[in-house]
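Okay, so here's the structure we're looking at.
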Amino acid sequence: MTLINKEKFLNGVGKAVDATNNAADKAEAYIKEHEIDKKTKKVASEAGKTAKKIGKKVGSKIADIIE
175 MTLINKEKFL
185 NGVGKAVDAT
195 NNAADKAEAY
205 IKEHEIDKKT
215 KKVASEAGKT
225 AKKIGKKVGS
235 KIADIIE
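In case it helps, the numbering used here puts the sequence shown at residues 175 to 241.
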C-alpha cells in the first residue's frame, strides 16, 4: 500500500491555490480594464426599463380585452 507523502501533497495543494488566486487576479483585472461592471449594470437597467414598458402595454391590452 502506498502512502501519500504529506509534504508533496501540501506542495501540490499550495500550487493549486496559487493558480486559483492568479486566475482570480487576472479575471479582476480584465473586468476592471473592460469596465464590464458598468456595462452589465447599464444593460440590466435598460432591460428592466424595457420589461416595465412591455408589462404596461400587455396590461393595457388585457384591460381592453376584458372591457
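We treat Cβ as the ideally placed atom computed from N, Cα and C, and that holds for glycine. The structure presented is a predicted model; accordingly, all values stated were derived computationally and were not measured.
Alpha carbon to alpha carbon, how far is residue i from residue j?
{"i": "Glu220", "j": "Lys212", "result": "12 Å"}
{"i": "Ile228", "j": "Ser234", "result": "10 Å"}
{"i": "Glu202", "j": "Ala193", "result": "14 Å"}
{"i": "Lys226", "j": "Val232", "result": "10 Å"}
{"i": "Ala198", "j": "Val191", "result": "11 Å"}
{"i": "Glu207", "j": "Val187", "result": "30 Å"}
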